[in-house]
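Be aware that the sequence shown starts at 1, since it is given in our numbering, and climbs by one per residue. Ideal placement from N, C-alpha and C gives every residue a C-beta, glycine not left out. Remember, it's a predicted structure, so these values are computed and weren't measured experimentally.
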Amino acid sequence: MSLPVVERRKELIPVKGLKRYGTYKLAPSGRVASQSALGQHHINTIPYGAADSVRLRTVMAAHAQQISYEDLYERWEHGHWRATGIDFSVDKEQWAALPQLERDAALWNYSLFFHGEDIVATDLAPFIDAAPLEEQRYFLATQQVDEARHAVFFKRFMHEVVGNGDGSIRSSLAATEPLLTWGFRKTFEKLDEITGRLRKDRSKLALARAVFMYHLIVEATLAQPGQHFIESYLVERDLLPGFREGMRNIALDEQRHIAFGVKLLHDLHQQEPRVPEAIADLMREVMPYSVTLFIPPNWDRRYVETFGFTLEDIYEEGARSLEQKLRAAGMPLETLPGPIPFPPDLSPRERGELGLAMAEAGILGDGTRPVAPSTPELMALLFDQMRRAVDHRAAPGHPVVLQWDFKDAEPWHLRVDNGATRAEPGVAADADLTLKVSYRDWVDVIGRRADPLRLMATGRLRPKGSLRTLVLMRRLFPS
Ligand SMILES: [Fe+2]
Ligand SMILES: [Fe+2]
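Here you go:
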């Protein structure tokens with residue numbers, strides 16, 4: 001039977017059945033409406049007379065050079081607000097009257113933000129020491145104040161409206177800690193690790209890595225779409241006026257932080273040519289975890305949909321945001337070296353859907369979700385991702401064929417040749433290396449839950465063929 005070859009997606013298509021793993025479809029017409037529901041809502045609901053903030057966003061979308069550190073600092077002086085001055089009395093009444101599902105869903109979502117704000121408030125200190133210019137350090141000091149203010153705001157909401165904790169930040173954090181997702185924990189562990197390293201290594205390269213992780217991944221890709229989502233439905237439904245006011249202020253603060261991060265990353269790149277390589281490496285490392293950060297408990301999509309959006313809308317927004325910020329920083333996604341887990345040839349919507357599809361099929365994630373059966377469609381998706389993960393800089397000057405001989409699934413192979421890789425089902429007659437492994441174990445390797453070396457040591461992964469190709473594999477798949 002001839003199966004669809006995904007890398008030729010423009011001609012062969014569609015791979016039916018992928019719907020089961022989300023709405024990701026490999027169809028030529030799969031470029032879903034360019035304006036996401038989320039984006040539309042957000043554009044329609046900027047009611048804050050925030051012309052200044054719109055201008056900032058426009059400038060940042062164009063280029064980081066057009067804004068100065070002094071200007072960003074000045075915006076901070078003009079943007080003061082008081083987390084302790086917000087009136088939550090109406091919120092308290094409305095919260096008690098919300099249906100249980102909406103309370104559960106909102107509490108889950110707000111808990112991710114609360115913990116995120118608490119962590120970023122402390123993780124910012126080494127940036128201040130490492131930033132080369134006074135103007136950068138002063139802005140970073142203002143940002144640290146902002147992050148603390150954001151955490152205080154969430155703590156007040158958790159304590160005064162939800163009734164969590166005894167009034168201390170620690171107790172509210174402890175009460176909401178069980179709601180954090182695996183993807184959240186892994187992503188913020190990584191942030192802690194990178195900022196911890198920055199305490200010892202204050203080089204421009206280390207600073208660029210930290211800025212990319214903090215300002216572009218955590219703030220721009222993961223947090224900003226969530227803020228827009230929350231703001232949009234609260235405005236639309238005229239709910240939780242105190243919380244809404246705080247979220248509006250937080251979103252404006254974050255916009256300034258992200259603008260600073262983009263500018264700093266741009267400026268560091270001017271002085272340190274290794275920045276694109278460093279951030280591409282980091283993206284390869286962190287994306288498999290970050291993709292699952294916003295997966296609701298038990299994959300209950302109602303946690304998002306009850307507020308009028310889909311997970312795909314929010315993931316699309318994240319993908320679009322990262323693309324824009326990288327472009328503004330002078331390092332467009334498509335120019336980053338090596339394989340990019342956020343394929344630039346896909347639209348932001350498709351990138352978001354792809355990440356969700358991988359998570360929904362149990363490929364990405366903590367391993368507790370049952371892995372979906374190895375249908376031809378899922379195998380096509382899996383091998384398309386493997387094809388995209390090949391680093392052609394490590395490829396030798398001749399073709400290399402890698403064969404997977406699964407014990408419990410159809411065989412597939414990758415053909416690496418002349419700067420491109422093709423993924424095809426079936427057995428290749430000219431395989432340089434054949435890997436005998438179970439489908440389930442290989443899915444764990446892709447999801448970073450299993451180490452291929454350990455699988456080999458325990459006999460669960462058996463390579464056959466060229467030893468040189470086996471050694472080469474580690475360089476072909478750098479992440
Ligand atoms: Fe914040
Ligand atoms: Fe921030």
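Beta-carbon proximity of residue i to residue j, cut-off 8 Å
i    : j    : result
A428 : G465 : no
N109 : G226 : yes
A64  : H215 : no
T492 : H115 : An answer regarding residue 492 cannot be provided, because it is not within the stretch 1 to 479 covered by the chain.
V443 : I340 : no
V291 : M358 : yes
Y303 : P296 : yes
V152 : F88  : no
A409 : M379 : yes
E272 : P337 : no
V390 : L354 : no
Y315 : L382 : no
L207 : L107 : no
A330 : R449 : Before going further, note that residue 330 is Gly rather than Ala in the sequence given. No, Cβ-Cβ distance for G330 and R449 is not below 8 Å.
R284 : A319 : no
R460 : V437 : yes
A148 : A121 : yes
W76  : R197 : no
F309 : F243 : no
Buried versus exposed call for residue i [16 or more other C-beta atoms within 10 Å across all chains shown]
i    : result
E312 : buried
S168 : exposed
L133 : exposed
E424 : buried
S232 : buried
D91  : buried
V480 : Lying before the first or after the last residue shown, residue 480 is absent from the chain, which here runs from 1 to 479.
N418 : exposed
K407 : exposed
D345 : exposed
G483 : With the chain represented from 1 up to 479, any question about residue 483 goes unanswered, as that position is not in the structure.
Q324 : buried
G365 : buried
S172 : buried
A420 : exposed
P452 : buried
L467 : exposed
Q66  : exposed
H159 : buried
L101 : exposed
P348 : buried
G22  : Confidence at G22 is low in this model, with a pLDDT of 35, below 50, so the placement of that residue should be treated as unreliable; the coordinate-derived value is given next. Per the 10 Å Cβ criterion, buried.
E254 : buried
S68  : exposed
Q270 : exposed
H150 : buried
D516 : What the structure shows of the chain is the stretch from 1 to 479, and residue 516 is not part of that stretch, so it cannot be assessed.
T195 : buried
Residue from the options whose Cα sits closest to the Cα of residue i
i    : options                   : result
E219 : D166, F113, F127 and V161 : F113
V371 : G447, R349, L336 and P411 : G447
T434 : Q403, M456, A83 and K186  : Q403
P261 : A450, Q136, E117 and A97  : First, the amino acid is wrong: residue 261 is Gly here, not Pro. Here the closest residue by C-alpha is Q136.
E317 : L234, M379 and H228       : H228
V416 : P399, E410, G426 and D405 : P399
D241 : W95, L453 and A278        : For clarity, residue 241 is Pro in the given sequence; the question names Asp instead. Nearest option by C-alpha distance: W95.
V73  : Y138, F294, A319 and R149 : As written in the sequence, residue 73 is Tyr, which differs from the Val given in the question. Comparing Cα-Cα distances from Y73 to each of Y138, F294, A319 and R149, the minimum goes to Y138.
A105 : F294, R468 and A389       : F294
I217 : L173, G196, V145 and K190 : K190
T306 : R369, R237 and A259       : R237
T221 : L326, L207, L107 and L252 : L326
R82  : A457, A97, L268 and V145  : V145
Q224 : M473, L239, R244 and I250 : I250
G85  : F154, R301 and F342       : F154
R388 : P373, D405 and E334       : E334
D384 : D405, R369, P373 and F342 : F342
Any chain B beta carbon closer than 8 Å to residue i
i    : result
G226 : No chain B is present in this structure, which holds just one protein chain.
_If we require 4 or more residues per run, which alpha helix (DSSP H) segments fall completely within the region 198-280?_
List check, alpha helix (DSSP H) in window: 204-211, 224-236 and 241-271.
*Does the count of Cβ pairs from the region 470-479 and the region 386-394 closer than 8 Å reach three?*
Output reads yes: the region 386-394 touches the region 470-479.
*asked:* So, does the region 202-211 touch the region 181-190, judging by three or more C-beta pairs under 8 Å?
replied: With a cut-off of 8 Å, the region 181-190 and the region 202-211 do not count as touching, because too few Cβ pairs lie within range.
*For the region 391-473, which segments carrying the beta strand (DSSP E) assignment without a break, of at least 3 residues, lie completely within its bounds, in sequence order?*
Here the runs fully enclosed are 400-406, 412-417, 420-425, 433-437 and 461-465.
*Evaluate the contact criterion for the region 121-131 versus the region 198-205: three or more CB pairs, one atom per stretch, below 8 Å.*
Cβ pair count under 8 Å is three or more, so yes.
_Contiguous alpha helix (DSSP H) assignments of at least 4 residues, all confined to the region 361-392_ = 376-388
*asked:* As an exercise, report each continuous alpha helix (DSSP H) stretch of at least 4 residues that is fully enclosed by the region 78-111, in chain order.
replied: 89-97
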